[in-house]
Each structure stands twice: as C-alpha cells, then as structure tokens.
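S.K.: Going down the list, the protein sequences come from chains A and B.
So that you can map any letter, position 8 of the first sequence is 8 in full-length UniProt numbering, and since no number is skipped, the others follow by simple counting.
So that you can map any letter, position 235 of the second sequence is 235 in full-length UniProt numbering, and since no number is skipped, the others follow by simple counting.
One structure follows; several queries about it will come next.
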Amino acid sequence: MPQPTQDVKYQLDSGNSTAVLSLCGDWCFDAGIPQSEPLFADLSRQQKNSTLQINCEQLGKWDSGLMTFLLALLDTCRQHKIAVDTSQLPVGAQKLLDLATRVPERKGARRAVLGLPVLTRIGNVTIEMHRNWEDLLSFLGETVYAVGNMLRGKARFRTSDLFYQIEGAGPSALAIITLISTLVGLILAFVGAVQLRLFGAQIFIADLVGLGMAREMGAMMTAIIMAGRTGAAYAAQLGTMQVNEEIDALKTMGISPIEFLVLPRLMALCLMMPLLCIYADFMGIFGGAIVSALMLDISFFEYYQQLQSSVALKHFLIGLIKAAIFGVIVATSGCFRGMQCGRSASAVGFAATNAVVTSIVLIVVADAIVTIICQILGY
Amino acid sequence: MATQAHLDIRNLTMAYGDAVIQENLNFTVKRGEIFVIMGGSGCGKSTLLRHLIGLMTPYEGQILLDGTDLWQASQEERNQLISRCGVLYQGGALWSSMTLAENLEVPLKEYTTLSNKQISEVISYKLALVGLAGFEDYYPSEISGGMQKRAGLARAIALDPDILFFDEPSAGLDPISSRLLDDLILQLRDSLGATVVIVTHELASIFTVGDNSIFLDPDAKTSIASGAPKELLETSTDPRVRKFLTRTT
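This is the structure:
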C-alpha cells in the first residue's frame, strides 16, 4: 500500500444517487489535514438529494482535525442538499459529531463585527463621560455625608482599620519618600548651582532649594509617590472587593461601604500626607545642603543661616495645605475608581491605572489653582 | 490498553511548609477510567489536584504521569507533559480580558502549528461540543456561571488532552446543569478516550460517573478507603466513609 501523503487522504467516488468518500491515513493535526476546498467543489457538482457515504476502513489515528473537517463537510452537504451517511465513522467520532451538533447555535448569539460609525462612537464616549461625572458627583456627595457622620461620631468603621491604613499610608512610605525627596533636593541644588555660580550668588542656593521644596516640590513629589503607591493600592483593593462581592455583602448588612471602606482610607491619607510632606521638605533641604557643601563650599551653618532668613513658616504652611488637599485627591480618586470597578480581573487593572492618572491630573490642576490663589492673596 | 496505568502516585506526602496535609498516598489511575478524589471539606482534595497537575511540589513521594516522574523531569519535559493535561478549575478560570475564542486560541497557538483558519475551526468545534456554538466573541463576564464553566471545559479540551482534571465540576451549578455536565464528561471520556480525574464531594456525581475512587480523611491525614464508589457504598464498614456516602450526620 502506498504511504498516504498529505494530498491523498480521501477519495471521492461520485455516483448518480450515491457518492462514496473514503478516508485513509492519519487525520491528526500533527500529520496534516488536507485542503478541503477542492473536495467541496466536487461535492457541489453532485446531484441534489443524493447520498454521501463516508467510508473509514483505512482511517488511521484521528483527532480534532478530522472532526473540524467533518463539521465543515456536513455544513457543505447541507447547503447542497446532500444527505450524509455517517454510520461508518468510528464510534467516538459519531458521538462527538452528535454532541457538537446537538445544541444548535442560539439565534442572535453571534455578534456582528463591531464597526460603529465615528459619530456613534463619539456619542457613546460622551455619554460615558457624562455618566462618569454623575458617578463621581454622587460618590463625592456620599463621602461628604460620611465625613459629616464621622464628625458627629455616627460613622461606622473599625478603628483598627483606620490605624492599619495609617500605617500603610505613613510609616511604610518613609523609605521611598526619603530617597525621592533627597534626590529632588539634590537635583534642584545642582541645577541652581551651575547658574548661580555665574553671578557669584552661590549662597542663594539655600533660598532656591528651601522655597522650592517647602512651597512646591515637597508636597508635589509626596503626592505623586502616594498616588502611585497608595492610590493605586486603594483602587485595586476596593476593585477586588467589588469582584468578590465583598462590597455587596457590606451593603446587604446595612453598612455603608463609603463609611466602612472609604472613610478610614481618606482619613489616613489626609492625616499622613502633611506629615510626609514636612518630612520630604526637610529631606530635600538636606539634599540641597549636601550639594552646597560639596560643590559650592558653603558650610552647613551658612546654608542654615541663609535658609532662616529666606524661608518663613508661611511657606511651609502653604506646602502643608497643598499636601492635605492632595491627600484628599489621591484617596478619593483611588477609592472612587475602586468602587466603580467592573467585575473582572482586567477591570481591576483598569481601575488602578485610572486611579493614578486621575490623581496626577487633579494634583497638578489643584496645585496650579492653589498657587494662583496664593499669588492673588500675596502669600 | 485499558488496564495500563496513566497516573501513578507513590508514597505522596503533601504539606504546606511543615504542616502535613495528607501523607502516604498510593493510588493508580488507569487509562480511560474516571477516577474520583473525594472527602469532606478541608481534607486536601484540591491540594492533591494541585500536586497532580504540577502546580505544587510534593513534600515526599512521586507522581508518575505516563510513567515519567513529574518532578524528576526537566522543566521543558514537565511543560510538555502538563500540556497533555486539560484542567477545569472550580470557577472556570477563564482569562477575563479575552473573549471565549481568544481563551481557546492561547493553548492552540502555543502548542500547535495550525493555520489561523484551522484554529478558528477548532475553536468553533470545541465550543459547539460544550453547547456554546456562536459564543466566540463573548467575554467571560457576559455569560452565566454555568456557561463559563462549560467554556472552561472547552478550553481544557482544546488540545485533545489524554487526561482531564476537574476541580469540583458541579460547584455553583443547579442540579440539571450539573447533571448535564456529568453527562458531558462521560461522553467526552467515551469519545475522546481520555482519562478523567475529578475532585468532588457531590454524591450524585460521584455515583454517576466514578469508576474508581479514593477517600481522603482530614484527621487520619491519609486515604482511608479506595475502590469503585458504588461498591464502597455497599461494602465499606468504616463509619466515616459510610457517613459521607449516605449523607448521615
């Protein structure tokens, strides 16, 4: 017997009322499945209402390759109104065919390929944005209400949760805040040093770093770190709780998830952000002192004196106010995106990304607004 | 062929750290049979399954799949062996960011050299087998729990596996769906000729599908009975096994 090659795995003997399709060799994907189009073209020339008999005497091993071929064959024969006799197929294949064709495709289940017109898409996105705003407003409303409840001592959350969140948002972040803010101070001083040396005004490096850190960079860098570190974590935690129906469980017990989950996180960040910010300010100023000492030969004492004459308490206070505002922003956008999360793993990732993006955008916008207000008020 | 050992467990001890879950397990799963791992909640059934599919390393003992020790084999050999197994996880474990078709496509793309057209044909065929014809473009979150489970089964059989593992197949299904799933398992076994290992505590399924079984006990920390479930029901004298199989308290 000649070794069956890929091309001769079947043979079609056409007759007037009955055609016989003989399958031979292995019909596995590993062995290669022949092209079915030529066979189907031959079949289309068969008389209507004739019968196709499938002969499997020489069929070797088979797997899903044979099954997909048979399904396509049955489909073609149905189109050309040819009856198919499958009784000669291996028993397993017959059962599988039966199984695969038993549940007919549900009408309307298959989806048309999505090719919406541009205008429709713009409309959909706009409606989505509108809904987003509604969600955000109602979330903010509920949060304010919960804070009101808390101030009246009526909010229900666990104090241990609050301390746990405080630990996560405060002391645990010290290491990364130390590193980043010292480096920011170093960079500020470094960039300033090169310029100031041109005028012989090296000593003003202390003003530059001191004011820069206290008013702007301390709060800003802390907020951005916390957005990435804690805001994203909040969104992922609440999002996963949403997926696991844990938030539904809270609601059905009559406990407001806003009070129980959002309040402790909001409080923790509001309390910790100013503290972290003050810490970041000093680390940054310390970074500046190192550059001054090493590059500009300004001693720590001179640096300190210059700092005292230029940076006042109000500069630190402005930074602290900003930090508190940023804390609210990071906590609310993290929690909001988490509460808004859909019910799947990818939705959790989406929520975390969105939380960070929202936080950072809002932080920069808020910073601009506060800076302008300070300018107008003359601080 | 029918008596050949497909999966052979020798002196298996499982532990989390040093906390032993089950010790000294010995059993053989023959080719083409449906083997049930049963026992009460928390006895280590699922842990045993995680060992069998190579997710956890045995504390002691051997797991021989097709005569090859899973943990003596190299990483590559092990991947090859594991790719011949199909696993249906408790919740379906479909990848939520992909449509059903994409879920099935992943193993097919990874382990076969099929053309895109062939792959899409196989996907339609496998989805039709589990009664989900036409649901290719749906995301897992858009279909019901029972459908997710069947889609998980379609993914498990995507590569025509020799051996299928099921973790609590009837968990979360209504009696009719769970019966249909049992029938489907039986039909797939008969037509694909695959070996099936099921972890379950659902009595109805145990008696409907089980050819052979092992009973794990959390206190004895080992298997206290083995054999065909129906025979166990008639012959076992162990009160723990009898209680379990007859649902008495």
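Beta carbons: idealized from backbone N, C-alpha and C, even for Gly.
Please give the ranges of any alpha helix (DSSP H) in the region 182-247 of chain A, keeping only runs that are unbroken, at least 4 residues long and fully inside the region.
M.R.: 205-211, 218-226, 232-243
S.K.: Between the Cα of S178/B and those of G146/B, I34/B, N116/B, S83/B, spot the shortest distance and give me the residue it belongs to.
M.R.: Residue numbering aside, residue 178/B sits at position 178 when the second sequence is read from its first letter. Of the listed residues, the one whose Cα sits closest to S178/B is G146/B.
S.K.: Taking the runs of the beta strand (DSSP E) that are 3 residues or longer, which of them lie wholly in the region 58-138 of chain B?
M.R.: 60-65, 85-88
S.K.: Check whether the Cβ of R215/A lies closer than 6 Å to any heavy atom of the ligand COA, and answer yes or no.
M.R.: Annotation note on the ligand COA: not contained in the displayed structure, which lists no ligands.
S.K.: Just mark V197/B as buried or exposed, buried being the case when its beta carbon has 16 or more other beta carbons within 10 Å.
M.R.: As a working note, residue 197/B is residue 197 in the second sequence. Buried: at least 16 other Cβ atoms inside 10 Å.
S.K.: In whole angstroms, what is the alpha-carbon distance linking L216/B and G172/B?
M.R.: Within the second sequence, numbered from 1, the residue matching residue 216/B stands at position 216. Within the second sequence, numbered from 1, the residue matching residue 172/B stands at position 172. Spanning the two alpha carbons is a distance of roughly 22 Å.
S.K.: Would you say V106/B lies against chain A (beta-carbon separation less than 7 Å)?
M.R.: Position 106 of the second sequence, counting from 1, holds the residue named residue 106/B. Chain A has no Cβ within less than 7 Å of the Cβ of V106/B.
S.K.: Does G131/B get closer than 7 Å to chain A when you measure Cβ to Cβ?
M.R.: On the second sequence, residue 131/B is found 131 positions in, with the first residue counted as 1. Cβ-Cβ to chain A under 7 Å: yes for G131/B.
S.K.: Only counting runs of 4 or more residues, tell me where the alpha helix (DSSP H) segments fall wholly within the region 158-182 of chain A, in order along the chain.
M.R.: 159-169
S.K.: Just the C-alpha distance for T222/A and K154/A, rounded to the nearest angstrom, thanks.
M.R.: Taking the first sequence and counting its residues from 1, one reaches residue 222/A at position 222. Taking the first sequence and counting its residues from 1, one reaches residue 154/A at position 154. Rounded to the nearest angstrom, the two C-alpha atoms are 32 Å apart.
S.K.: Taking the alpha helix (DSSP H) that P53/B falls in, what are its first and last residues?
M.R.: As a first step, residue 53/B must be located in the second sequence, where it is residue number 53. Here residue 53/B is Ile; the residue named in the question, Pro, does not match the sequence. Counting along the chain, I53/B falls outside any alpha helix (DSSP H), and DSSP gives it neither H nor E.
S.K.: Measure the C-alpha to C-alpha separation of T316/A and A214/A and round it to an integer number of angstroms.
M.R.: Along the first sequence, one-based indexing puts residue 316/A at 316. Along the first sequence, one-based indexing puts residue 214/A at 214. The question names Thr, yet the displayed sequence has Phe at residue 316/A. If you draw a straight line from the Cα of F316/A to the Cα of A214/A, it is about 5 Å long.
S.K.: Just tell me which of S346/A, V364/A, G287/A, H130/A has its CA closest to the CA of I187/A.
M.R.: Here residue 187/A is taken as the residue at index 187 of the first sequence, counted from 1. Comparing Cα positions, the closest option is G287/A.
S.K.: Note down, in chain order, all residues in the region 74-99 of chain A with a beta-carbon under 7 Å from any beta-carbon belonging to chain B.
M.R.: G92, K95, L96, L99
S.K.: What residues in its chain sit with their C-beta under 7 Å from that of R240/B, if we drop five residues either side in the sequence?
M.R.: Counting from 1 along the second sequence, the entry for residue 240/B is found at position 240. These residues qualify, in order along the chain: D217, I224.
S.K.: Measure the C-alpha to C-alpha separation of D66/B and A5/B and round it to an integer number of angstroms.
M.R.: Translated into positions along the second sequence, residue 66/B becomes position 66. Translated into positions along the second sequence, residue 5/B becomes position 5. Whole-angstrom Cα-Cα distance: 7 Å.
S.K.: Are the CB atoms of V209/B and L181/B within a distance shorter than 7 Å?
M.R.: Sequence index remark: in the second sequence, residue 181/B carries index 181 (1-based). Sequence index remark: in the second sequence, residue 209/B carries index 209 (1-based). Taking 7 Å as the Cβ cut-off, L181/B and V209/B do not qualify as a contacting pair.
S.K.: Determine, using beta carbons only, whether P264/A and Q165/A come nearer to each other than 7 Å.
M.R.: Counting from 1 along the first sequence, the entry for residue 264/A is found at position 264. Counting from 1 along the first sequence, the entry for residue 165/A is found at position 165. Cβ distance < 7 Å, so P264/A and Q165/A count as in contact.
S.K.: For the structure I just gave you, are there three or more beta carbon pairs, one from the region 303-313 of chain A and one from the region 198-207 of chain A, closer than 8 Å?
M.R.: Segment contact: the region 303-313 of chain A against the region 198-207 of chain A, three or more CB-CB distances shorter than 8 Å; contact assigned.
S.K.: Could you work out which residues of chain B lie near E245/A, taking near to mean beta carbons separated by less than 9 Å?
M.R.: Locating residue 245/A in the first sequence gives position 245, counting from the first residue. In chain order: nothing, as chain B lies at least about 13 Å away.
S.K.: Since L88/B and L52/B are thought to touch, with beta carbons under 8 Å apart, how far apart are those beta carbons, to the nearest angstrom?
M.R.: Walking along the second sequence from the start, residue 88/B turns up at place 88. Walking along the second sequence from the start, residue 52/B turns up at place 52. Going by Cβ atoms, the distance from L88/B to L52/B rounds to 13 Å, so no, they are not a contact pair.
S.K.: Comparing the C-beta of L180/B with each C-beta of chain A, is any distance below 7 Å?
M.R.: As a first step, residue 180/B is located in the second sequence; it is residue number 180 there, counting from the start. Chain A contact via Cβ: absent.
S.K.: Can you find at least 3 beta carbon pairs, one from the region 54-66 of chain A and one from the region 27-38 of chain A, that sit closer than 8 Å?
M.R.: Between the region 54-66 of chain A and the region 27-38 of chain A there are three or more inter-stretch CB-CB distances shorter than 8 Å, so the stretches are counted as touching.
S.K.: If we define contact as Cβ-Cβ less than 7 Å, is D160/B a contact residue for chain A?
M.R.: Counting from one through the second sequence, the residue named residue 160/B turns up at place 160. Residue contact check for D160/B against chain A: a CB pair falls below 7 Å.
S.K.: Going by the beta-carbon positions, is the gap between G42/B and Q22/B smaller than 7 Å?
M.R.: The residue you call residue 42/B lines up with position 42 of the second sequence. The residue you call residue 22/B lines up with position 22 of the second sequence. Their beta carbons are not under 7 Å apart, which means G42/B does not touch Q22/B by this criterion.
S.K.: Taking CB distances under 7 Å as the criterion, tell me whether R343/A reaches chain B.
M.R.: Taking the first sequence and counting its residues from 1, one reaches residue 343/A at position 343. At least one chain B Cβ lies under 7 Å of R343/A.
S.K.: Give a yes or no on whether 7 Å exceeds the smallest Cβ distance from A156/B to chain A.
M.R.: To locate residue 156/B, count along the second sequence from 1; it is residue 156. Nearest CB-CB separation between A156/B and chain A: not below the 7 Å threshold.
S.K.: Mind listing the chain A neighbours of A171/B? Cutoff is C-beta to C-beta under 8 Å, in chain order.
M.R.: Within the second sequence, numbered from 1, the residue matching residue 171/B stands at position 171. Those within 8 Å of A171/B in chain A number zero; the least Cβ separation is about 16 Å.
S.K.: With a CB to CB cut of under 8 Å and the five nearest residues on each side skipped, what residues in its chain are close to T68/B?
M.R.: Mapped onto the second sequence, residue 68/B falls at position 68. For T68/B, where only same-chain residues beyond five positions count, the Cβ hits under 8 Å are E77, L81.
S.K.: Could you please tell me which residues of the region 133-149 of chain B, in chain order, have their CB closer than 9 Å to any CB of chain A?
M.R.: A133, G134, F135, E136, D137, Y138, Y139, P140, S141
S.K.: CB residue 380/A to CB I54/A, shorter than 7 Å?
M.R.: Any question about residue 380/A goes unanswered here, given that chain A covers just 1 to 379.
S.K.: Return no unless some Cβ of chain B is closer than 7 Å to the Cβ of V348/A.
M.R.: Here residue 348/A is taken as the residue at index 348 of the first sequence, counted from 1. So, not an interface residue.
S.K.: Who are the Cβ neighbours of K322/A in its own chain at under 7 Å, not counting the five residues just before and after it?
M.R.: For this step, residue 322/A is matched to residue 322 along the first sequence. So the list reads A219, D367, V370, once near-sequence residues are dropped.
S.K.: C77/A and L39/A - do their beta-carbons sit closer together than 7 Å?
M.R.: Here residue 39/A corresponds to residue number 39 of the first sequence, with the count starting at 1. Here residue 77/A corresponds to residue number 77 of the first sequence, with the count starting at 1. Result no, Cβ atoms of L39/A and C77/A do not sit closer than 7 Å.
S.K.: Put G284/A into one of helix, strand or coil per three-state DSSP.
M.R.: The residue you call residue 284/A lines up with position 284 of the first sequence. Looking at G284/A - three-state DSSP - the assignment turns out to be helix.
S.K.: Name the two residues that bound the continuous alpha helix (DSSP H) containing G338/A.
M.R.: Position 338 of the first sequence, counted from the start, is the residue given in the question as residue 338/A. That run of the alpha helix (DSSP H) goes 313-339.
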